[in-house]
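Undergrad:
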Amino acid sequence: MDKKALALPFKDEWITVIENFIRSSVADAKANGVVVGLSGGLDSAVVAKLCARALGKNKVMTVILPDEINKGEDALKVANELGLEPKIVGISDIIGTIKDKFPNMERVVLGNVRARVRMVVLYYFANANNMLVAGTSNKSEIAVGYFTKYGDGASDILPIGDLYKTQVRILAEKIGIPDWVIRKKPSAELWVGQSDEDEIGITYDVLDKILYCFELGMSIDEVAKILGIDKSIVRKVYDMMVRSMHKRRRPHIAKVMLRTFGIDWREW
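For the sequence shown, the numbering used here begins at -1 and goes up steadily by one.
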């Protein structure tokens, strides 16, 4: 198999599949619509636009959560360009209260607290309005665990959860997301100066090629050879996938009864 055969696919009909998924998820839950946390980045812009296309703008509640890391200007600009009227809730005071209780928090721990505070606010709006939270994680992030457990990883549906980051960029172009959003440096905005690719250690272009090879069933050696990438980099990605497995699973249940949810109790 050559490199051309390993190009990540994209089919226009996937857009329809995702929009149908959003509609059916909302209908099945008898919900009034969806809540989307808008950061000003690519993934949240794409999810908000897909939800608006699928449900109508009146059934999409976008929420901007400014703090000392993300002031919300880009998010507000995205909302305006998409024709959506966002709720704006500052969370600096909430985070400040938690910091006062735990003054010696490490940077990563505080970053995860920040993500979980965002989640709490999104679910407040979802619960108060009988809506679902539409998460914005993509397949690249999910694969290597680049999300906060019960933070930005918490949602009811994941419209772009089966698309790698490079595929999300293609999708964004096709549905008319502004170019400045597509070109913006990806960041989870958990602390000042953070970027996805710096923290993961490789670009999304390289990461996605490695992940897609793994999806096709290739071994570490095969991936390194066919992509011409150092084996240590491929091994690093593999190790990230293994270490983050717990983040993609529901909590384990100690089995004592005949049938157990998540193990052998078959859901409808």
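C-beta atoms are modelled at their ideal positions from N, C-alpha and C, and glycine is treated no differently.
(1) Tell me where the beta strand (DSSP E) around T134 begins and ends.
(2) Pick helix, strand or coil for G35, following the three-state DSSP scheme.
(3) Who are the near neighbours of L53 in its chain, counting only those whose CB is closer than 8 angstroms to its CB and skipping five residues on each side?
(4) If you draw a straight line from the alpha carbon of I70 to that of D262, how long is it in whole angstroms?
(5) Skipping 5 residues on each side, what residues in its chain have a beta carbon closer than 7 angstroms to that of K55?
(6) Could you check if A267 is buried or exposed, using at least 16 other CB atoms within 10 Å of its CB as the buried criterion?
(7) Check each candidate in N68, I67, A77, K234 and name the one with the smallest Cα separation from V204.
(8) Helix, strand or coil: how does DSSP classify L209 here?
(9) Three Cβ pairs or more, each shorter than 8 angstroms: is that satisfied between the region 157 to 172 and the region 7 to 16?
(10) Measure from the alpha carbon of P176 to the alpha carbon of each residue in A77, G133, A29, then state which is nearest.
(11) Give the DSSP-derived three-state secondary structure of T146 in the structure shown.
(12) Give a yes or no on whether the C-beta atoms belonging to S135 and L156 are separated by under 7 angstroms.
(13) Could you tell me the alpha carbon to alpha carbon distance between L161 and K28, rounded to whole angstroms?
(14) Between which residues of its own chain and R248 is the CB-CB distance below 7 angstroms, once the five residues before and five after are set aside?
(15) Please tell me whether, using a cut-off of 6 angstroms, the distance from the CB of D72 to the nearest non-hydrogen atom of the ligand FAD is below it.
(16) Hey, could you find the ends of the alpha helix (DSSP H) I67 is sitting in?
(17) According to the neighbour-count rule (16 or more other Cβ atoms, all chains shown, within 10 Å of its Cβ), is L256 buried or exposed?
(18) Which residues bound the alpha helix (DSSP H) around E265?
(19) Using only alpha-carbon positions, find the residue among M243, I198, A152 that is nearest to A132.
(20) Tell me the rounded alpha-carbon separation between N102 and M59.
(21) State whether the region 111 to 131 contacts the region 205 to 220, with contact taken as three or more CB pairs (one from each stretch) at a distance under 8 angstroms.
(22) V24 CB to nearest chain C CB: under 7 angstroms?
(23) So K9 and I173 are supposed to be a Cβ contact under 8 angstroms. How far apart are they, rounded?
(24) Could you pull the DSSP bridge partners for M239 from this structure?
(25) Roughly how many whole angstroms lie between the Cα atoms of T201 and V61?
TA: The structure says:
(1) Mapped onto the sequence shown, residue 134 falls at position 136. Segment: none, T134 is in no beta strand (DSSP E) and carries neither H nor E.
(2) Here residue 35 refers to the residue found at position 37 of the sequence shown. Residue state, collapsed to three classes: strand.
(3) On the sequence shown, residue 53 is found 55 positions in, with the first residue counted as 1. Hits under 8 angstroms: I20, R21, V24, G31, V32.
(4) Taking the first residue of the sequence shown as position 1, residue 70 is located at position 72. Taking the first residue of the sequence shown as position 1, residue 262 is located at position 264. Note on residue identity: the sequence assigns Gly, not Ile, to residue 70. Distance between the alpha carbons of G70 and D262 is about 45 angstroms.
(5) What you label residue 55 is simply residue 57 of the sequence shown in a count that begins at 1. So the qualifying residues of the chain are G81, L82.
(6) No information on residue 267 is available, as it lies outside the stretch -1 to 266 that the chain covers here.
(7) Your numbering for residue 204 matches position 206 in the sequence shown. Of the candidates N68, I67, A77, K234, the one whose C-alpha sits nearest the C-alpha of V204 is K234.
(8) Looking up residue 209 in the sequence shown gives position 211. Three-state result, L209: helix.
(9) yes
(10) Translated into the one-based positions of the sequence shown, residue 176 becomes position 178. For the residues A77, G133, A29, the minimum Cα distance to P176 belongs to A77.
(11) What you label residue 146 is simply residue 148 of the sequence shown in a count that begins at 1. Residue state, collapsed to three classes: coil.
(12) For the purposes of this step, residue 135 is taken as residue 137 along the sequence shown, with counting starting at 1. For the purposes of this step, residue 156 is taken as residue 158 along the sequence shown, with counting starting at 1. Yes, they are a contact pair.
(13) The residue given as residue 161 occupies position 163 in the sequence shown. The residue given as residue 28 occupies position 30 in the sequence shown. Rounded to the nearest angstrom, the two C-alpha atoms are 26 angstroms apart.
(14) Along the sequence shown, read from residue 1 onward, the residue named residue 248 stands at position 250. Correct list, in chain order: G260.
(15) Inclusion of the ligand FAD in the displayed structure is not the case, the ligand content being empty and no account of it being possible.
(16) In the sequence shown, residue 67 corresponds to position 69, counting from 1. Here I67 belongs to no alpha helix (DSSP H), and DSSP marks it neither H nor E.
(17) Start at 1 with the first residue of the sequence shown, and residue 256 comes out as number 258. The residue is exposed, with fewer than 16 neighbouring Cβ atoms inside 10 Å.
(18) Here residue 265 corresponds to residue number 267 of the sequence shown, with the count starting at 1. Note, E265: premise wrong, no alpha helix (DSSP H); not H, not E.
(19) Counting from one through the sequence shown, the residue named residue 132 turns up at place 134. Selected option, being the one with the closest Cα: A152.
(20) Indexing the sequence shown from 1 puts residue 102 at position 104. Indexing the sequence shown from 1 puts residue 59 at position 61. Taking the straight line joining both Cα atoms gives about 36 angstroms.
(21) no
(22) Here there is only one protein chain, and chain C is not present.
(23) Here residue 9 corresponds to residue number 11 of the sequence shown, with the count starting at 1. Here residue 173 corresponds to residue number 175 of the sequence shown, with the count starting at 1. Their Cβ separation, rounded to whole angstroms, is 14 angstroms, which puts K9 and I173 out of contact at 8 angstroms.
(24) Here residue 239 is taken as the residue at index 241 of the sequence shown, counted from 1. Per DSSP, none; premise fails for M239.
(25) Position 203 of the sequence shown, counted from the start, is the residue given in the question as residue 201. Position 63 of the sequence shown, counted from the start, is the residue given in the question as residue 61. Distance between the alpha carbons of T201 and V61: 29 angstroms.
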